[in-house]
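Chemist: As given, the protein sequences belong to chains A and B, one line each in that order. Start counting the first sequence at 1; every next residue gets the next number (the numbering used here). Start counting the second sequence at 434; every next residue gets the next number (the numbering used here).
2 protein chains.
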Amino acid sequence: MSTIVAVDTRDVRFPTSLSLDGSDAMNPDPDYSAAYVTIRTDSADGLAGHAFVFTIGRGNDVQVAALDALREHLVGREVESLLGDMGAASRLLVHDSQLRWLGPEKGVMHMAIGAAVNALWDLRAKRAGEPLWLHLSRLSPEELVSLVDFRYLTDAITPEDALAILRAAEAGREERIERLLAQGYPAYTTTPGWLGYSDEKLARLCREAVAAGFPQVKLKVGADRADDIRRFRIAREVLGADYPIAMDANQRWGVQEAIDWVGALAEFHPAWIEEPTSPDDILGHAAIARGVSPVRVATGEHVQNRIVFKQLLQAGGMQVMQIDATRVGGLNENLANLLLAAKFGVPVCPHAGGVGLCEAVQHLAMFDFVAVSGTMEGRMVEYVDHLHEHFVDPVVMRDGRYVAPSAPGGSMEMKASSLDEYDWSRTRTDPSA
Amino acid sequence: MSTIVAVDTRDVRFPTSLSLDGSDAMNPDPDYSAAYVTIRTDSADGLAGHAFVFTIGRGNDVQVAALDALREHLVGREVESLLGDMGAASRLLVHDSQLRWLGPEKGVMHMAIGAAVNALWDLRAKRAGEPLWLHLSRLSPEELVSLVDFRYLTDAITPEDALAILRAAEAGREERIERLLAQGYPAYTTTPGWLGYSDEKLARLCREAVAAGFPQVKLKVGADRADDIRRFRIAREVLGADYPIAMDANQRWGVQEAIDWVGALAEFHPAWIEEPTSPDDILGHAAIARGVSPVRVATGEHVQNRIVFKQLLQAGGMQVMQIDATRVGGLNENLANLLLAAKFGVPVCPHAGGVGLCEAVQHLAMFDFVAVSGTMEGRMVEYVDHLHEHFVDPVVMRDGRYVAPSAPGGSMEMKASSLDEYDWSRTRTDPSA
């Protein structure tokens with residue numbers, strides 16, 4: 001038996017705004033940041049759980065304060081009973097009635113809970129000696145269902161529905177694990193498409209994307225329509241008529257504006273339009289999806305929880321689900337999201353990039369392939385080549401595909417040297433260091 | 434000219450859980466709390482802007498951290514230019530691209546922005562020497578429209594629509610101001626209905642509500658169906674067949690459960706069912722509204738922003754809009770909500786209670802009467818008799834109605850002695866004090 005003895009938090013920020021990496025129509029100068037949490041125990045194994053909430057700079061301190069508020073729920077608890085019933089562990093935090101007022105189940109407090117849940121999963125997988133995707137892929141359908149909070153979901157998916165989906169994917173799990181280990185999981189790249197890049201850089205990066213084996217690229221759009229047309233034309237010229245090019249408006253538009261703007265880019269046959277409007281506007285997404293068909297609507301990186309995902313599916317407002325590893329209430333809620341997508345027959349193409357999102361979300365996509373959807377057809381994980389050098393077990397890309405991680409855990413652990421070097425509180429108090 | 438010189442924050446908590454005041458199906462033991470902000474200037478007038486975010490205990494420190502994160506946007510700014518264009522002042526905070534990632538426009542960060550905006554409004558009204566409701570009631574339709582962020586709203590309401598609504602209510606403003614000063618604004622009371630109270634206390638408080646002149650009471654429901662039936666029967670026996678009794682489930686149910694449970698209480702002719710399910714479930718609210726008609730669905734105290742209110746109206750999921758003074762992005766966003774309600778012909782019956790919510794939201798209801806909807810028909814502000822003694826300008830009730838405030842400002846200022854006495858950080862570090 002062991003006990004949680006510390007919940008350490010760090011405010012970690014990388015000065016990415018200096019190079020315009022990550023610039024888009026709504027986020028002109030992000031500083032990719034992590035509100036980082038480490039759950040430590042008194043076990044002789046020395047293992048700790050690591051996770052974080054991704055932010056883009058200012059306010060990362062608020063996110064750290066939310067992590068700090070969870071400490072009293074965790075320190076002193078017996079590790080084995082928490083890890084042995086991760087459904088209960090998640091509810092312990094999500095259902096705190098006083099903390100719930102700060103959401104409910106959305107925003108800063110919910111993301112902090114998600115990071116704590118993910119850190120517990122990291123610890124559990126490390127103790128099992130397995131990479132997280134493989135650890136999850138070997139859980140029984142019954143245990144997986146026990147992880148999900150079905151409150152507010154049963155008009156779309158019941159525990160029985162979920163069990164049926166998971167049981168249907170039970171056959172072939174081992175074969176799919178072998179396939180993942182041999183072939184990896186498909187990726188697409190956003191690296192060429194940031195708004196802050198010159199036309200020459202865009203063209204060069206498109207060529208490099210093809211050379212690296214990526215089957216799709218994505219362009220940021222939405223700041224200036226003429227610019228978008230010019231940049232899309234450049235990408236098409238470099239990539240050819242049939243190469244999939246997705247586009248991403250980062251919530252820039254209202255409903256009619258989205259329909260009009262996408263219409264103006266329709267000649268370039270975009271693979272999807274991502275975040276055309278507010279992530280809260282379910283009915284708006286549905287109207288846009290009707291208005292831009294056959295272009296598909298993709299969204300999810302800012303979708304606050306499973307309840308909004310449920311409705312986007314019910315309303316026909318989302319043809320591609322883009323889960324994010326650190327936006328919702330952690331792995332448990334993302335399992336609910338994967339099951340909803342499977343129920344509605346919508347492919348999951350996770351959001352990644354930022355700092356550490358590729359490392360984190362690859363595990364969910366691979367688990368989805370093995371144990372939920374059972375297919376990689378039409379599925380890809382976003383990939384951006386930023387900041388991977390700060391991770392203990394960074395993503396490995398091969399021929400445009402994510403190589404299945406083999407190290408134990410969830411891959412969210414940052415190097416101690418990076419945590420020290422980019423510690424924001426130290427940076428502020430001693431800028432000369 | 435003057436400058437903002439300080440943004441002071443306080444973590445203030447009242448131990449209300451000890452008496453079970455405020456107990457409901459989802460919040461068994463709230464400690465009513467305020468993340469409190471004071472905006473100070475170097476003006477010789479000595480006036481400061483006061484506001485807060487209401488929370489129910491744990492996590493109030495996180496909410497304070499979010500207020501602290503706004504300090505760098507405010508300190509050093511010229512007061513007159515901020516107060517002279519409150520639309521721009523609101524956008525300065527809401528549109529910060531890095532802070533926006535923490536929502537967007539929802540949860541801890543958005544509520545903090547709302548408090549900062551409300552504190553600026555308090556300061557502006559104090560400088561004008563007017564109570565906030567009256568100050569707003571004398572603004573031109575054009576200035577009022579300039580306060581609203583129409584992003585993500587124009588598929589439901591345009592600036593031109595808003596201008597037409599406000600111009601239509603321009604005639605008669607002074608007459609309605611006189612009527613408010615003479616008669617006040619209707620209230621209903623939730624005091625009898627908390628789940629933690631005995632049947633005897635429920636009956637006694639119902640009798641007292643009628644004696645005090647309240648035209649409606651509200652009962653908490655949703656924890657146990659047999660209890661709800663027994664308690665509703667007691668209330669009906671005390672209050673008579675025709676007295677309006679609303680009920681509030683505080684998000685306890687799923688969609689079908691809500692329809693079934695309300696059906697079991699239909700014999701008591703509830704005035705409305707409030708928060709039957711998750712505030713995020715727009716389509717769920719619409720299904721419930723269809724399923725429980727003619728009982729009306731009321732919601733809003735946890736609705737995160739104008740975008741969700743818009744959809745609840747578009748989908749027919751809300752027949753009574755219950756704005757809250759400290760949930761959304763402040764007065765500016767609540768103006769958007771009032772305009773949406775007017776556009777869709779839905780009455781606004783604000784949520785109040787907690788600590789200071791009655792003080793804060795009465796101004797919005799009175800302004801709505803004077804300058805937006807132009808009517809009190811079917812409108813009431815919730816009233817709960819808790820913790821008013823801590824305010825410099827507490828609400829005054831007369832014959833079941835809110836007396837129109839006359840002191841300058843927005844009435845959110847707490848007494849300095851209360852701020853000191855219930856300061857949480859002091860309480861924790863020195864429990865004997």
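We treat Cβ as the ideally placed atom computed from N, Cα and C, and that holds for glycine. Source: prediction; values computed, not measured.
Exposed or buried, what is residue 15 of chain A when buried is set at 16 or more other beta-carbons lying within 10 Å of its beta-carbon?
Modeler: Counting Cβ neighbours within 10 Å, residue 15 of chain A comes out exposed, since fewer than 16 surround it.
Chemist: Please report the straight-line C-alpha distance between residue 533 of chain B and residue 62 of chain A, rounded to a whole angstrom.
Modeler: Spanning the two alpha carbons is a distance of roughly 12 Å.
Chemist: In chain order, what residues of the same chain lie with their CB nearer than 8 Å to the CB of residue 863 of chain B, ignoring the 5 residues before and after it?
Modeler: Confidence in residue 863 of chain B is poor, its pLDDT being 48 and thus under 50, which makes the residue's placement unreliable; the coordinate value appears in the next sentence. None.
Chemist: At what residues does the alpha helix (DSSP H) containing residue 252 of chain A begin and finish?
Modeler: Counting along the chain, residue 252 of chain A falls outside any alpha helix (DSSP H), and DSSP gives it neither H nor E.
Chemist: Give the residues of chain A in contact with residue 539 of chain B, contact being defined as C-beta atoms less than 9 Å apart.
Modeler: Result: 103, 106, 107, 280, 304.
Chemist: For residue 848 of chain B, which of B:784, B:479, B:483, B:434 has the nearest alpha-carbon?
Modeler: The candidate whose alpha carbon is nearest that of residue 848 of chain B is B:483.
Chemist: For residue 86 of chain A versus residue 132 of chain A, is the C-beta distance shorter than 8 Å?
Modeler: Contact flag unset, no.
Chemist: Opposite residue 272 of chain A in the DSSP bridges: which residues?
Modeler: Beta-bridge pairing links residue 272 of chain A to A:296.
Chemist: Please state the DSSP three-state secondary structure of residue 90 of chain A.
Modeler: Here residue 90 of chain A sits in helix by DSSP.
Chemist: Using a C-beta to C-beta distance shorter than 8 Å, which residues of chain A count as neighbours of residue 387 of chain B?
Modeler: There is simply no residue 387 of chain B to check, as chain B begins at 434 and stops at 866 in what is shown.
Chemist: Would residue 267 of chain A be called buried (16 or more neighbouring beta carbons within 10 Å of its own) or exposed?
Modeler: So residue 267 of chain A ends up on the exposed side.
Chemist: Have a look at residue 810 of chain B and residue 605 of chain B and give me their C-alpha separation to the nearest angstrom.
Modeler: Their Cα atoms are separated by approximately 16 Å.
Chemist: Please report how far the alpha carbon of residue 88 of chain A lies from the alpha carbon of residue 646 of chain B, in whole angstroms.
Modeler: If you take the alpha carbons of residue 88 of chain A and residue 646 of chain B, they lie about 47 Å apart.
Chemist: Does the CB of residue 755 of chain B have a neighbour CB from chain A at under 8 Å?
Modeler: With 8 Å as the cut-off, residue 755 of chain B does not count as an interface residue toward chain A.
Chemist: In the DSSP output, which residue or residues are listed as bridge partners for residue 652 of chain B?
Modeler: Note: residue 652 of chain B sits in a beta bridge opposite B:626, B:680.
Chemist: Using 8 Å as the limit for Cβ to Cβ distance, is residue 283 of chain A near chain B?
Modeler: Residue 283 of chain A counts as touching chain B.
Chemist: Give the secondary structure of residue 397 of chain A by DSSP, where H, G and I count as helix, E and B as strand, and everything else as coil.
Modeler: Residue 397 of chain A falls in the strand class under three-state DSSP.
Chemist: Strictly below 9 Å CB to CB, what residues from chain D border residue 234 of chain A?
Modeler: In summary, chain D is missing from the structure at hand, where the protein chains are A and B.
Chemist: Quick check on the DSSP output: the beta strand (DSSP E) that includes residue 49 of chain A runs from which residue to which?
Modeler: Looking at the DSSP string, the run of the beta strand (DSSP E) that includes residue 49 of chain A is 48 to 55.
Chemist: Using only CA atoms, which one of A:239, A:220, A:2 lies nearest to residue 124 of chain A?
Modeler: Closest by alpha carbon: A:2.
Chemist: For a cutoff of 8 Å on Cβ pairs, would you count residue 30 of chain A as touching chain B?
Modeler: Judged by the 8 Å Cβ criterion, residue 30 of chain A is in contact with chain B.
Chemist: Counting only beta-carbon separations shorter than 8 Å, does residue 446 of chain B have a partner in chain A?
Modeler: So, not an interface residue.
Chemist: Return the residue from the list A:425, A:370, A:136 that minimises the CA-CA distance to residue 177 of chain A.
Modeler: Residue 177 of chain A has its Cα closest to that of A:370, out of A:425, A:370, A:136.
Chemist: If the criterion is Cβ atoms closer than 8 Å, does the pair residue 799 of chain B and residue 837 of chain B meet it?
Modeler: Going by C-beta atoms, residue 799 of chain B is nearer than 8 Å to residue 837 of chain B.
Chemist: So, with DSSP's three-state summary, where would you put residue 477 of chain B?
Modeler: If DSSP states are grouped into helix, strand and coil, residue 477 of chain B belongs with coil.
Chemist: Within 8 Å of any Cβ in chain A, is that where the Cβ of residue 469 of chain B sits?
Modeler: Residue 469 of chain B does not count as touching chain A.
Chemist: Indicate whether the contact test is met: 3 or more Cβ pairs, each with one atom in the segment 565 to 579 of chain B and one in the segment 726 to 733 of chain B, closer than 8 Å.
Modeler: Segments in contact, no.
Chemist: Figure out for me which residue from B:629, B:754, B:616, B:671 has the closest Cα to the Cα of residue 830 of chain B.
Modeler: Nearest option by C-alpha distance: B:616.
Chemist: Residue 818 of chain B: which of B:706, B:638, B:559, B:479 sits nearest, CA to CA?
Modeler: For the residues B:706, B:638, B:559, B:479, the minimum Cα distance to residue 818 of chain B belongs to B:638.
Chemist: Once you ignore the five residues that flank residue 559 of chain B on each side, which residues in its own chain have a CB closer than 7 Å to its CB?
Modeler: Excluding residues within five positions, the ones whose Cβ falls inside 7 Å are 480, 841, 842.
Chemist: Residue ranges of each beta strand (DSSP E) run of no fewer than 3 residues wholly in the segment 106 to 182 of chain A, ordered along the chain?
Modeler: Fully enclosed beta strand (DSSP E) runs of 3 or longer: not present.
Chemist: List the residues of chain B whose Cβ lies closer than 7 Å to the Cβ of residue 255 of chain A, in chain order.
Modeler: 588, listed in chain order.
Chemist: Please state if the CB of residue 119 of chain A and the CB of residue 238 of chain A are separated by a distance shorter than 8 Å.
Modeler: Not a contact, by the Cβ cut-off of 8 Å.
Chemist: Using CA atoms only, rank isn't needed, just tell me which of B:461, B:441, B:524 is closest to residue 450 of chain B.
Modeler: Selected option, being the one with the closest Cα: B:461.
Chemist: Take the Cβ of residue 866 of chain B as the centre, count every other Cβ of all protein chains shown within 10 Å, and call the residue buried at 16 or more, exposed below.
Modeler: Low local confidence applies: a pLDDT of 43 at residue 866 of chain B is under 50, so the model's placement there is unreliable, with the coordinate-based value given in what follows. Classification for residue 866 of chain B: exposed.
Chemist: Please tell me whether residue 582 of chain B has its Cβ less than 8 Å away from any Cβ of chain A.
Modeler: By this cut-off, residue 582 of chain B is not an interface position.
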